[in-house]
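Structure first, commentary second.
Number of protein chains: 2
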Amino acid sequence: MAAITAVMRTASIYLQRADAILKPHGLTFARFEVLALLGFSKRGSLPMSQASQLLQVHATSLTNSVDRLEATGLVRRIPHPTDGRTRLLELTAAGQQVLPAARGDLNEKLFAQSDLSGTDATEIFEILARFRKASGDFL
Amino acid sequence: MAAITAVMRTASIYLQRADAILKPHGLTFARFEVLALLGFSKRGSLPMSQASQLLQVHATSLTNSVDRLEATGLVRRIPHPTDGRTRLLELTAAGQQVLPAARGDLNEKLFAQSDLSGTDATEIFEILARFRKASGDFL
DNA sequence: TCCAAACCATAGGATGTCCAAGTATATTGT
DNA sequence: ACAATATACTTGGACATCCTATGGTTTGGA
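Now the structure itself:
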């Protein structure tokens, strides 16, 4: 139980730090994750449904994030060529510019001040990866 | 970075499970934490400010939780005997009844299905405790 | 003494997350 | 081909969290 509480508090601390670091870039962590995901995808575009699965959030949460990203001009919704239900997400030029800057800042500041030794980070990751797998994360 | 993501996802999974378990009791995890804290305190009452520090949430978040707990009759706000600024939180009879049931259910179901071995849980707790201490958690 | 600074709690606004419903489009089975 | 089912996304509502600002209350220094 103490372990569970510790995980929750730690997540909350990291989220606050990440949001603070990303604020100057006009981003929150949730929105950064969307941008980063689009940056990874080779074709540069992803259906909403696929993005929400990869990010492990509900479609409604993604709709919310994308609304804001679209309002600030970092992402664009385009129709799917063959499936009328699906919208594809795509980085705009502005999005392609903001992403590397935000990512660099986050890597440098959050990772650097993470107060976790390399072995601790590895340990944490491995234990939690086992847990997440057992819980059906990663699909 | 992967470790940080893992912590966040894990926290999210646990939070969802906890909320689901507590829902039949008319509680969320945030509100349960308030109840549990009041249950721990020997005198049975705590100032809002102290409770928010112990729970590591902003005073405004606690105000929100307490509003809902008060609306459902589980907690009561009473004036501080000597300091006019302070409100004391106190469990109602209903609150004293709900708390052990909710706690038992949570311990049984969340802890049992935690998919974490005892040694893993200990490991996680220790590593994250170091991190939290370095980050100024625990005050 | 008395006013300024500190402190407590709350209100209002922004964000993110979930669930339940609703709308539109595809797919499937008869 | 058509109706039933499934899928994709959005909308509306409930919660939680943060930040900034505000109204009371206390305290401490001039």
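Quick note, the sequences are listed as chains A and B, same order. The opening residue of the first sequence carries number 490 in the working numbering; numbering runs sequentially from there. The opening residue of the second sequence carries number 490 in the working numbering; numbering runs sequentially from there. For glycine and all other residues, C-beta sits at the position ideal for the given N, C-alpha and C. No experiment lies behind these values; they were computed from the predicted model shown.
Answer with buried or exposed for residue i, where buried requires no fewer than 16 other C-beta atoms within 10 angstroms of its C-beta.
| i | result |
| --- | --- |
| Leu628/B | The predicted position of Leu628/B is uncertain, since its pLDDT is 49 and thus under 50; no value can be drawn from it. |
| Phe529/B | exposed |
| Glu597/B | exposed |
| Gly584/A | buried |
| Met490/B | exposed |
| Phe620/B | buried |
| Val496/A | buried |
| Ala590/B | exposed |
| Ala610/A | buried |
| Arg574/B | exposed |
| Ala492/B | buried |
| Thr499/A | buried |
Within 8 Å of any Cβ in chain B, is that where the Cβ of residue i sits?
| i | result |
| --- | --- |
| Leu628/A | With a pLDDT of 48 at Leu628/A, under the threshold of 50, the predicted position of this residue should be treated as unreliable, though the coordinate-derived value follows. Taking Cβ atoms only, chain B never reaches closer than 8 Å to Leu628/A, which makes this a no. |
| Ala495/A | yes |
| Leu588/A | no |
| Leu617/A | yes |
| Arg576/A | no |
Flag residue i as yes if its beta-carbon sits less than 8 Å from any beta-carbon of chain A, otherwise no.
| i | result |
| --- | --- |
| Ile510/B | no |
| Ile567/B | no |
| Gln505/B | no |
| Ser624/B | yes |
| Asn596/B | yes |
| Gln500/B | The amino acid at residue 500/B is misidentified as Gln; the sequence shows Ala. Yes, contact with chain A. |
| Leu524/B | no |
| Arg520/B | no |
| Ala591/B | no |
| Ala492/B | yes |
| Tyr557/B | Position check: residue 557/B holds Arg in this sequence, whereas Tyr was assumed. No - not a single Cβ of chain A is within 8 Å of the one on Arg557/B. |
Using C-beta distances below 7 Å, list every residue in its chain close to residue i, excluding the 5 sequence neighbours before and after it, in chain order.
| i | result |
| --- | --- |
| Thr517/A | Asp508 and Leu511 |
| Arg557/B | Arg520 |
| Leu578/A | Leu527, Ser534, Leu535, Met537, Ala540, Val555, Val564 and Arg566 |
| Thr561/B | Gly515 |
The alpha helix (DSSP H) with residue i in it runs from where to where?
| i | result |
| --- | --- |
| Arg592/A | Ala582 to Leu595 |
| Leu504/B | Ala491 to Leu511 |
| Ser541/B | Met537 to Leu544 |
| Asp556/A | Ala548 to Ala560 |
| Gly480/B | Here chain B covers residues 490 to 628 and nothing more, so residue 480/B does not appear. |
| Gly607/A | Gly607 to Ala623 |
Kindly list the residues whose CB is nearer than 6 Å to the CB of residue i, restricted to its own chain and excluding five residues on each side of it in sequence; keep chain order.
| i | result |
| --- | --- |
| Arg576/B | Met537 and Arg566 |
| Ala548/A | Ser541 |
So, at 8 Å on beta carbons, what are the nonlocal neighbours of residue i in its own chain, with the 5 sequence-adjacent residues on each side left out?
| i | result |
| --- | --- |
| Leu605/A | Ile613 |
| Val587/A | His514, Gly515, Leu516, Leu524 and Leu563 |
| Ser501/B | none |
| Thr581/A | Gly562, Leu563, Val564 and Arg565 |
| Leu504/B | Phe518 |
| Ser550/A | Ala519 and Ser541 |
Please report the residue range of the beta strand (DSSP E) in which residue i lies.
| i | result |
| --- | --- |
| Arg566/B | Val564 to Pro568 |
Problem set entry | Chain-ordered residues of the segment 599-613 of chain B with a beta carbon less than 8 Å from chain A | Leu599, Phe600, Ser603, Asp604, Leu605, Asp609, Ala610, Thr611, Glu612 and Ile613
For this session: Could you run through the segment 526-550 of chain A and flag, in chain order, every residue whose CB is less than 8 Å away from some CB of chain B?
Result: Gln545
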